[in-house]
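Peer 1: When we follow my numbering, the leftmost residue of the sequence shown carries the number 9, and every step to the right adds one.
Sharing a structure here in structure tokens format.
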Amino acid sequence: MITLRQVRYFLAVAETEKVSAAATNLGISQSAITLSIKELENQLGVTLFERRVGGVALTREGQNFISHARNIEAAVADAVADMHPDRTDVEGTVKLGVTNAGAGYFLIPPLARFQRAFQNVSVQLLEREREEMEQQVLDGAVDIALLLTSNLSNAPDLEHRGLFQSPRGAWVATNHPLASRDTVSRADVIEYPYVLYQIDEADRSSREYLAASGLEPKVLFETTSLEALRSMVATGQGVTILSRMLFRPWSLDGGRLEWVPITDAPPPMEIGLVWRKGHVFTAAEARLVEYLEAGVR
């Protein structure tokens with residue numbers, strides 16, 4: 009029978025992609041994690057991780073299992089929360105603004121746990137681009153926003169709390185010449201046709217940090233579709249530089265990608281919460297913030 013310990017160890021390795029880092033975070037030995045993962049793989053009858061330079065990566069089966077593992081962990085968290093009757097005293101409406109990256113790659117699991125725990129709280133979602141969302145916060149159209157905090161335009165009028173940072177690296181096909189290297193430079197990457205992602209200011213950021221090094225990418229394709237970008241990279245038609253948070257090692261058509269660290273890496277992408285300066289959280293807002301913060305632990 010699969011145990012909660014196995015699930016937690018699996019998630020720790022999946023999130024860090026290093027057994028050593030997972031062991032440090034959990035405060036246990038690497039051998040304990042390795043044995044637990046092996047037992048889990050034997051019970052499932054699949055291989056969940058494969059070795060790669062500098063750590064491990066999820067296999068396709070591992071990618072399929074990770075959503076189940078997160079659901080298991082969430083169900084246990086819900087069971088614990090259900091034992092606290094005071095949560096029924098929290099009610100009201102929270103207007104939460106989000107941008108594409110926050111909504112697609114972070115928000116949904118912690119929001120689902122929050123809504124199961126606080127059924128008397130209504131969360132109204134609004135998605136906009138980062139600059140427009142900042143104005144929505146200032147105008148009071150939303151109470152709190154989850155967005156990229158690394159590029160805030162109205163920082164003096166806003167308060168923000170970073171939730172996590174995601175380093176940027178090179179995305180290349182498994183059989184690409186750069187895939188076998190431990191690290192690459194920005195100059196190495198732009199030697200090849202470049203695929204430019206246009207969501208959440210990724211295109212502008214890419215051009216700015218490459219231009220800062222006197223580099224100009226040979227843009228093959230500009231797209232708002234991350235799946236189209238993954239497919240083009242996986243088939244070897246182009247490369248790109250994007251954050252680790254957005255990375256998945258498989259494209260929809262079954263191609264394989266690699267993420268390679270960059271020695272002169274651009275600043276990491278930071279996702280965080282933003283609200284008007286001086287705004288006092290209601291009980292509902294405070295509980296939601298707690299759940300979003302817990303989502304990165």
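Ideal placement from N, C-alpha and C gives every residue a C-beta, glycine not left out.
Could you pull out every residue in the same chain whose Cβ sits closer than 7 angstroms to the Cβ of P269, ignoring the five residues on either side in sequence?
Peer 2: Counting from one through the sequence shown, the residue named residue 269 turns up at place 261. Cβ neighbours of P269 beyond the five flanking positions: G177 and T191.
Peer 1: Counting only runs of 3+ residues fully inside the region 194-258, write out the beta strand (DSSP E) ranges in chain order.
Peer 2: Counting whole runs of 3 or more residues, the region 194-258 contains the beta strand (DSSP E) stretches 202-205, 227-231 and 248-251.
Peer 1: Beta carbon of E69, beta carbon of R16: below 9 angstroms?
Peer 2: Sequence index remark: in the sequence shown, residue 69 carries index 61 (1-based). Sequence index remark: in the sequence shown, residue 16 carries index 8 (1-based). Against a cut-off of 9 angstroms, the Cβ pair of R16 and E69 comes out as no contact.
Peer 1: Taking contact to mean 3 or more Cβ pairs, one atom from each stretch, closer than 8 angstroms, check whether the region 227-235 and the region 203-211 are in contact.
Peer 2: Yes: the two stretches touch, three or more of their Cβ pairs being nearer than 8 angstroms.
Peer 1: List the DSSP bridge partners of A181.
Peer 2: In the sequence shown, the residue the question calls residue 181 occupies position 173. L265.
Peer 1: Per DSSP, which one or two residues make a beta bridge with M277?
Peer 2: What you label residue 277 is simply residue 269 of the sequence shown in a count that begins at 1. M277 pairs with S174.
Peer 1: Which two residues bound the contiguous beta strand (DSSP E) that contains Q127?
Peer 2: To locate residue 127, count along the sequence shown from 1; it is residue 119. Looking at the DSSP string, Q127 is not in any beta strand (DSSP E), and its letter there is neither H nor E.
Peer 1: Please name the residue in F18, W258 and H287 whose C-alpha comes closest to that of E49.
Peer 2: Position 41 of the sequence shown, counted from the first residue, corresponds to residue 49. The residue with the shortest Cα to Cα distance from E49 is F18.
Peer 1: Below 6 angstroms CB to CB, which residues in the same chain sit around P274 once its five sequence neighbours on both sides are set aside?
Peer 2: The residue you call residue 274 lines up with position 266 of the sequence shown. Closer than 6 angstroms at Cβ, skipping near neighbours: R176 and Y217.
Peer 1: Could you tell me whether the Cβ atoms of P118 and A302 are closer together than 9 angstroms?
Peer 2: Here the question's residue 118 lines up with position 110 in the sequence shown. Here the question's residue 302 lines up with position 294 in the sequence shown. Contact flag set, yes.
Peer 1: From E142 to Q173, what distance separates their C-alpha atoms?
Peer 2: Indexing the sequence shown from 1 puts residue 142 at position 134. Indexing the sequence shown from 1 puts residue 173 at position 165. Distance between the alpha carbons of E142 and Q173 is about 19 angstroms.
Peer 1: Among residues of its own chain, excluding the 5 on either side of V129, which ones have a beta-carbon nearer than 8 angstroms to its beta-carbon?
Peer 2: Numbered from its first residue, the sequence shown carries residue 129 at position 121. Result list for V129: V98, E99, G100, T101, V102, F122, Q123, A292, R295 and L296, in chain order.
Peer 1: Since I believe L154 is in contact with L300 (beta carbons under 8 angstroms), could you give me their beta-carbon distance rounded to a whole number of angstroms?
Peer 2: The sequence position of residue 300 within the sequence shown is 292, counting from 1. The sequence position of residue 154 within the sequence shown is 146, counting from 1. Rounded, the Cβ-Cβ distance is 7 angstroms, consistent with contact.
Peer 1: Using beta-carbon positions only, say whether L223 and W179 come within less than 9 angstroms of one another.
Peer 2: Working through the sequence shown from its first residue, we reach residue 223 at position 215. Working through the sequence shown from its first residue, we reach residue 179 at position 171. No.
Peer 1: Could you tell me which residues DSSP pairs with K103 in its beta bridges?
Peer 2: Here residue 103 corresponds to residue number 95 of the sequence shown, with the count starting at 1. For K103, which the question treats as bridged, DSSP gives the partners Q132.
Peer 1: Per DSSP, which one or two residues make a beta bridge with G63?
Peer 2: Here residue 63 refers to the residue found at position 55 of the sequence shown. Answer is R60.
Peer 1: Could you check whether the region 103-116 touches the region 132-140, counting it as contact only if at least three pairs of C-beta atoms, one from each stretch, sit closer than 8 angstroms?
Peer 2: Short answer: they touch.
Peer 1: Does I116 pass the burial test, meaning 16 or more other C-beta atoms within 10 Å, or should it be called exposed?
Peer 2: The count along the sequence shown starts at 1 and reaches residue 116 at position 108. Classification for I116: exposed.
Peer 1: Please report how far the alpha carbon of P257 lies from the alpha carbon of G286, in whole angstroms.
Peer 2: The residue you call residue 257 lines up with position 249 of the sequence shown. The residue you call residue 286 lines up with position 278 of the sequence shown. If I take the Cα positions, the gap works out to 42 angstroms.
Peer 1: Give the single residue among A220, M240 and E139 whose Cα lies nearest to the Cα of H184.
Peer 2: Against the sequence shown, residue 184 aligns to sequence position 176. Here the closest residue by C-alpha is M240.
Peer 1: Which residue's Cα is closest to the Cα of T24: V64, L52 and T11?
Peer 2: Counting from one through the sequence shown, the residue named residue 24 turns up at place 16. It is V64 whose Cα lies nearest to the Cα of T24.
Peer 1: In chain order, what residues of the same chain lie with their CB nearer than 7 angstroms to the CB of A242, ignoring the 5 residues before and after it?
Peer 2: Walking along the sequence shown from the start, residue 242 turns up at place 234. Closer than 7 angstroms at the Cβ level, and outside the excluded window around A242, lie A181, S259, G263, R264 and L265.
Peer 1: Per DSSP, what kind of secondary structure is I152 in: helix, strand or coil?
Peer 2: Here residue 152 refers to the residue found at position 144 when the sequence shown is read from its first residue. Strand.
Peer 1: With a threshold of 16 other CB atoms inside 10 Å of the CB of Q51, please say whether the residue is buried or exposed.
Peer 2: The residue given as residue 51 occupies position 43 in the sequence shown. Classification of Q51: exposed, given that the 10 Å Cβ count is below 16.
Peer 1: Mark P164 as exposed unless 16 or more other C-beta atoms lie within 10 angstroms of its C-beta, in which case mark it buried.
Peer 2: Walking along the sequence shown from the start, residue 164 turns up at place 156. With fewer than 16 other Cβ atoms within 10 Å, it is exposed.
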